[in-house]
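Residue numbers (our numbering), protein chains in the order written: chain Y, 286 to 743; chain D, 286 to 743. Please read the structure below before turning to the comments.
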């Protein structure tokens, strides 16, 4: 089981305690998630906040950092002989906790008592937003229905987790490289007559063999214009594009996240190649612009403008590309953001609320279509790790809806667009670290230029 | 998306309504289950009760059968354009419901109103036990914290679902055959120097390519004595056994469930072969005894006695084998039951409570170690589908604990057993249908005899 050196966790907890200054910080670990009855479970995934501060990759634990009384306690119950018959021997709770620098442990039944005593002392209890039903119920029991997540704790944790350490970046890069293997496997296999399901299965095999699990559900589809397409129901034909958005996490649970759009047959069609070259040009320019001090909103709007310029060349857009971008008109072709923070979660800390992670403190999101999907907009700082993933899509329902509503007729040539409704969608995604000097591409090179893709398919 | 003909669901609901006679039957479908933040999800698995009665394999639906007012209503919300951009176009709720014979649909916001009105009319609301935190919270909101599952509804549904129809058996057999392919793949690949993880990944590839998903988390380990070993952390060596317990469900979501215990190297060792032959002899006799009228408790105790007799031959047990079995002493070597019902859940309807499914109405379980793990004990009836899965394990912690407690010294030769603590464990599992005449083995033959296993490994 992976863990960083004990000192890493001790330092993270000390830093958090100092930043918070007072209060009781409550962290509930995950249990297994039931599939179709209580004991039939999905693969266990520990909560990322719990992993970050305690590194304990075991089910059914909780922990408290009692800042006021300078105490850190892990709560959990030892296995019975019945448990051991089914799940094997494990270290004791005390041994597990000691390995990450926590010397005090108590049975789970003590957690409620500890919290009740703290509340009686008027200590404030801080916790981050839960995302599993089980944890929501547990929090209700422990704290009552009215308890609310702590914005202060969210801000402090987001600050810490947004700045990746060298040892975190090392793990991320391992996961990116497993993710890359998954993409190379798809490139190697894909050909007309295969199914999305067969490719997705082969990608899973590489992920499970080399990594721990998917960092998110694989998207593997010839309908890339549906952004989160998890059906795997189509047969792949010559002339189709296959969009693969797939990533692994290794046993440290840091994520990789890559997207490749490949031709199913021997080559892209001429029309596909035109759009693909706009995409890759946009990707290259966006990636090149990553540096401390620029906002990712600016990188995003520049990418939109670049796409608008390219589509203008194809007669699909008109007017000033930057004006089209700032107005939100390019959201028709790229309705998602340029990227998102990545770490222990592939959308890092999305359960904290993406505005608290990807925007400056106190900022609100621009609610306009397209802009509202920007997960990351803030000024970039060294240590940030995130994706750069421009896409170009032709979404029939969106085209019809905007056309009917007369939206952005000054920027979009709807008449010409009709002939493109069967085009599908494409995206290229890779992972970046902001360095003091600019940026570093994470992981080995993944094919993205036309020639690289065709070479990898051979 | 799979579904049976409309009439199948209509008939199931009519039969249930007639059996219940009155009341409001409430069925909550599943949503997606969050992995590490709200939108990062495990693969969607619909609730099996919902699938059985409504066949709608979509997220975020609910349904009511209002027996008193002869109404069946599906509740759900249509997709917005934002949803469509991310997940693609779907049929409307009305279209989905019509496909399974339900003509009335309402938005989800109407569900609470319908229930409140029914409660005001003193209608009794029936529901089956929830197993996901999300559903527990939802039920609390809809019905209040004190609402309890309905034993009457559990009994009626268990009666219906325990007797499989021809169309259900056809789906089960498809899933068993995918499961078989997974085992053949492991047999084909396994050799010294490989890891559990590599085999588990290859098995997953077959499952995803040919089926829909695992029917349960794969067990793939050289430590088969740990019954639910999901670690995949060991390297496989010559002389090791690999226990693979793996099954698929197809897109109907009916399960298959098979176990094979194979040598990692070219052959079983002499000691392994002795135990393995006892296991397969026990398996053959147990399977041969399956017929209407016999209790599965009897089949189980006979299997224990058969193992006791074999282990007596190896000097590990002593005394009368049947007495050892009835006393519970053989639970040392096989602490689980001979099998479990299998259908839309691999442990069919385990969320209803296994005593309500695998035991006669009103019966209680024998609480003794080993007996308490019998999931299926009742008199067998035509249409029952279940596993037959004897195992023989040497569990070091259990041996130590029983020895220290002086348990069953009249049946167990603890001195001899010391030398077997490193043996590991083995199991053979296949799936059976009870027919009026006796039984039918489901799916094509999976290798289980020594020669078949060695042949499949070539």
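Even for Gly, the Cβ is constructed at its ideal location relative to N, Cα and C. Model, not experiment: these values are computed from the prediction.
No residue range can be given for residue 432 (chain D), since it is assigned to no beta strand (DSSP E) and is classified by DSSP as neither H nor E. Boundaries of the alpha helix (DSSP H) around residue 484 (chain D): 481-495.
Among the residues facing chain Y, residue 468 (chain D) is not included, as its CB has no counterpart in that chain under 8 Å away. Straight across, the Cα-Cα distance linking residue 341 (chain Y) with residue 384 (chain Y) is about 9 Å. Between residue 593 (chain D) and residue 577 (chain D), the CB-CB gap reaches or exceeds 8 Å. Segment contact: the segment 632-642 of chain D against the segment 442-456 of chain D, three or more CB-CB distances shorter than 8 Å; contact assigned. Chain-ordered, the chain D residues with CB closer than 7 Å to the CB of residue 682 (chain Y) read 366, 369, 374. Taking 3 residues as the minimum length, the beta strand (DSSP E) runs contained wholly in the segment 529-617 of chain D are 543-548, in order along the chain.
Per DSSP, the continuous alpha helix (DSSP H) segment holding residue 684 (chain D) begins and ends at 681-690.
For residue 420 (chain D), the three-state secondary structure derived from DSSP is helix. When 7 Å is used as the limit between beta carbons, residue 330 (chain D) is near these residues of chain Y: 320, 321, in chain order. Taking 7 Å as the upper bound on Cβ-Cβ separation, chain Y lies near residues 630, 631, 632, 635, 636 of the segment 622-648 of chain D.
For residue 287 (chain Y), there is no enclosing alpha helix (DSSP H), as DSSP marks it with neither H nor E. The beta carbon of residue 501 (chain D) sits closer than 8 Å to some beta carbon of chain Y. The DSSP assignment places complete alpha helix (DSSP H) segments of no fewer than 4 residues inside the segment 621-665 of chain Y at 639-643, in order along the chain. Beta-bridge partners of residue 672 (chain D) (DSSP): D:716. By the CB criterion at 8 Å, residue 453 (chain Y) and residue 411 (chain Y) fall outside the cutoff. Secondary structure note for residue 356 (chain D): its beta strand (DSSP E) is the uninterrupted segment 356-360.
Between residue 582 (chain Y) and chain D, the shortest Cβ-Cβ separation is not below 8 Å. The shortest CA-to-CA distance from residue 572 (chain D) to any of D:418, D:675, D:647 is the one to D:675. In the three-state reduction of the DSSP assignment, residue 463 (chain D) falls in the helix class. Per DSSP, the continuous beta strand (DSSP E) segment holding residue 351 (chain Y) begins and ends at 347-351.
The continuous beta strand (DSSP E) containing residue 319 (chain Y) extends over residues 319-322. Counted as a single uninterrupted DSSP element, the beta strand (DSSP E) harbouring residue 311 (chain D) occupies residues 309-313.
According to the DSSP assignment, residue 372 (chain D) belongs to the alpha helix (DSSP H) that extends over 366-372.
Note that the segment 472-490 of chain D does not touch the segment 695-712 of chain D; fewer than 3 beta-carbon pairs, one per stretch, sit closer than 8 Å.
At a cut-off of 8 Å between beta-carbon atoms, residue 601 (chain Y) makes no contact with chain D. Between residue 483 (chain Y) and chain D, the shortest Cβ-Cβ separation is below 8 Å. Within chain Y, no C-beta atom comes less than 8 Å from the C-beta of residue 302 (chain D); the nearest is roughly 24 Å away.
Considering only Y:371, Y:366, Y:321, Y:389, the residue with the shortest C-alpha distance to residue 347 (chain Y) is Y:389.
Per DSSP, the continuous beta strand (DSSP E) segment holding residue 389 (chain Y) begins and ends at 389-391. In the structure shown, residue 520 (chain Y) adopts extended strand secondary structure according to DSSP, grouped into three states.
Leaving aside the five residues that flank residue 688 (chain Y) on each side, the residues in its chain whose CB is nearer than 7 Å to its CB run, in chain order, 699. Shown here for residue 522 (chain Y): same chain residues with a beta carbon closer than 7 Å to its own, the five before and five after excluded, namely 477, 549 in chain order. Pairing residue 326 (chain D) with residue 380 (chain Y), the inter-Cα distance amounts to about 32 Å. Between residue 627 (chain D) and residue 672 (chain D), the C-beta spacing is below 8 Å.
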